[in-house]
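A.B. asks: Chains as they are written, first to last, in my numbering: chain A, 1 to 101; chain B, 102 to 322. The beta carbon of each residue, even a glycine, is placed where N, CA and C say it ideally should be.
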Amino acid sequence: MKMENKWIYIIGFAVVAIMVLGILAYGASKDFEFGGADDQGGDVISDLDPEYEPWWDGIWGDYELPGETESMLFALQAAIGAVIIGYVIGRLHNPNKNKRE
Amino acid sequence: MHIMEGFLPWQWCLVWFVIAIPFVAIGVKKIIEIIRDHPEQKMTVALAGAFIFLLSSLKLPSVTGSSSHPTGTGLSAVLYGVFCTSVLSTIVLIFQALLLAHGGFSTLGANVFSMGIAGPAAGILVWLLLRKANMSVPVSMFFAAMVANLFTYVVTALQLTLAFGGAAGYGTAFVEFMTVFAVTQIPLALIEGVIFGMFAKYLSDTRPQIFGIDTANEVTA
Chain A
1 MKMENKWIYI IGFAVVAIMV LGILAYGASK DFEFGGADDQ GGDVISDLDP
51 EYEPWWDGIW GDYELPGETE SMLFALQAAI GAVIIGYVIG RLHNPNKNKR
101 E
Chain B
102 MHIMEGFLPW QWCLVWFVIA IPFVAIGVKK IIEIIRDHPE QKMTVALAGA
152 FIFLLSSLKL PSVTGSSSHP TGTGLSAVLY GVFCTSVLST IVLIFQALLL
202 AHGGFSTLGA NVFSMGIAGP AAGILVWLLL RKANMSVPVS MFFAAMVANL
252 FTYVVTALQL TLAFGGAAGY GTAFVEFMTV FAVTQIPLAL IEGVIFGMFA
302 KYLSDTRPQI FGIDTANEVT A
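#1: Beta-carbon of Ile-195(B) versus every beta-carbon of chain A: anything under 8 Å?
#2: What first and last residue would you give for the alpha helix (DSSP H) that runs through Ser-237(B)?
#3: At least one CB of chain A closer than 8 Å to the CB of Ile-132(B): is that the case?
#4: Please report the residue range of the beta strand (DSSP E) in which Ser-169(B) lies.
#5: From His-170(B), Phe-184(B), Glu-134(B), pick the residue whose C-alpha is nearest to that of Gly-35(A); which is it?
#6: So Trp-111(B) is in the alpha helix (DSSP H); what residue range does that whole segment cover?
#7: Does the separation of the CB atoms of Trp-56(A) and Glu-293(B) fall below 8 Å?
#8: The segment 30 to 46 of chain A: which residues have C-beta closer than 9 Å to a C-beta of chain B, in chain order?
#9: So for Phe-161(B), helix, strand or coil by DSSP?
#10: For Pro-221(B), which residues of its own chain have a beta-carbon under 6 Å away from its beta-carbon, when the five flanking residues on both sides are left out?
#11: Closer than 8 Å is the cut-off here; do at least three beta carbon pairs connect the segment 249 to 266 of chain B with the segment 277 to 294 of chain B?
#12: Can you tell me the Cβ-Cβ gap for Ala-301(B) and Val-238(B), rounded? I've got them flagged as a contact below 8 Å.
#13: Kindly give me the distance between the Cβ atoms of Trp-113(B) and Ala-258(B), rounded to whole angstroms, as I take these residues to be in contact under 8 Å.
#14: Under 8 Å by Cβ, that's how I've got Met-299(B) and Ile-8(A) pegged, so tell me the actual separation to the nearest angstrom.
#15: Mark Ser-168(B) as exposed unless 16 or more other C-beta atoms lie within 10 angstroms of its C-beta, in which case mark it buried.
#16: Using the C-alpha atoms, what's the distance from Pro-123(B) back to Leu-199(B)?
#17: Measure the C-alpha to C-alpha separation of Leu-176(B) and Ser-241(B) and round it to an integer number of angstroms.
#18: Would a check of beta-carbon distances place Arg-232(B) closer than 8 Å to chain A?
#19: Note down, in chain order, every chain A residue with its Cβ under 7 Å from the Cβ of Ala-205(B).
#20: Determine the burial state of Ala-37(A): buried for a count of at least 16 other Cβ atoms within 10 Å of its Cβ, exposed for fewer.
#21: If I measure Cβ to Cβ from Ala-245(B) and keep anything under 6 Å in the same chain, skipping five residues before and after, which residues do I get?
#22: Kindly provide the ranges of any beta strand (DSSP E) runs that are 3 or more residues long and lie completely inside the segment 198 to 234 of chain B, ordered along the chain.
#23: Could you give the first and the last residue of the continuous alpha helix (DSSP H) run that contains His-93(A)?
#24: In chain order, what residues of the same chain have a beta carbon less than 7 Å from the beta carbon of Ile-11(A), not counting five sequence neighbours either side?
#25: Within the same chain, show all residues whose beta-carbon is closer than 6 Å to that of Ala-322(B), passing over the 5 residues directly before and after it, in chain order.
#26: Taking the CB atoms as reference points, tell me whether Phe-196(B) and Trp-117(B) lie closer together than 8 Å.
#27: Please state whether the Cβ-Cβ distance between Ile-153(B) and Gly-41(A) is less than 8 Å.
#28: Can you give me the C-alpha to C-alpha distance between Arg-308(B) and Ile-80(A), rounded to a whole angstrom?
#29: To be precise: take each residue of the segment 294 to 316 of chain B, compare its Cβ to all Cβ atoms of chain A, and keep it if any distance is under 8 Å. Which residues remain?
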């Protein structure tokens, strides 16, 4: 049972990794830029309704966060999530509490 | 799924705020109740929120040549329902709007509706149907997380179509927005489904009562 479980996780992560790599390889062959879909949504709006002007630039105004800072903040967000998930898994794994009936 | 700041006419911003706020308000009340009445569930609430934090920060490439996010709402939706999920999503969306200029405050209502309410609701529906049909927890979770992700982006496309379809025709606009958002999302939804399916497998092995307790709560609520 335990061994079988291990394989489920290994195969699961392998599937995810292969999908991401496959998409990137496909993208490389087609010269995709992989820009954000959210920004493309904005482009579609300009196409459909050229008159439309965004009515607010947000609290940061015209200032665009440096790419470095942005990737740091995204990493921070991921880290916060990952730390909590790791902590909970650790707690769940406590063998003393892991009674099976 | 993040509609950018200023990219939704203010009337529509208002509409989505009016729809989203009651869900978030009820959700806050529910989370406070869970923490007060079931302190042992504090950790699972944190876990559900942590998945939204982690997965929605990952920008993944897709076959359409653009990048987009998983939503991470599947576990929270299945365990704690739409109301609680709307609160957890709101926290993440505020974090991203404030620090990352990703999404925005004017469009917060619309984004909370798609990511925190409509997507999770669709996921829960799939979960309940599959569990009724005696599908296993991991398989049901795979489909629930996948549908929650995909439907979030379908709703974003709908929201933008409603706001901008007038000029070019609603049909054309919907196809355009669906291509940008929903089609891009298909591979990401699959990836998210696999991740949640594996985690559900782990949870149902180590703590089967997490899923058992929940169905009891669902019936009384």
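C.D. replies: For this structure:
#1: no
#2: Note, Ser-237(B): premise wrong, no alpha helix (DSSP H); not H, not E.
#3: no
#4: 167 to 169
#5: His-170(B)
#6: 111 to 138
#7: no
#8: Lys-30, Asp-31, Phe-32, Glu-33, Phe-34, Gly-35, Gly-36, Ala-37, Asp-38, Asp-39, Gln-40, Gly-41, Gly-42, Asp-43, Val-44, Ile-45
#9: The question names Phe, but residue 161(B) is Leu in the sequence shown. Strand, per DSSP.
#10: Thr-174, Ala-178, Val-183, Thr-186, Ala-249
#11: yes
#12: 5 Å
#13: No, Trp-113(B) and Ala-258(B) are not in contact; Cβ-Cβ is about 14 Å, not under 8 Å.
#14: 7 Å
#15: buried
#16: 22 Å
#17: 11 Å
#18: no
#19: It is Gly, not Ala, that sits at residue 205(B) in the sequence shown. Neighbours of Gly-205(B) on chain A, chain order: Gly-58.
#20: buried
#21: Gly-175, Val-179, Gly-224, Val-227, Trp-228
#22: none
#23: 67 to 93
#24: none
#25: Legend: pLDDT at Ala-322(B) = 38, less than 50; position of this residue unreliable, no value from coordinates given.
#26: no
#27: no
#28: 23 Å
#29: Val-295, Ile-296, Gly-298, Met-299, Lys-302, Tyr-303, Leu-304, Asp-306, Thr-307, Arg-308
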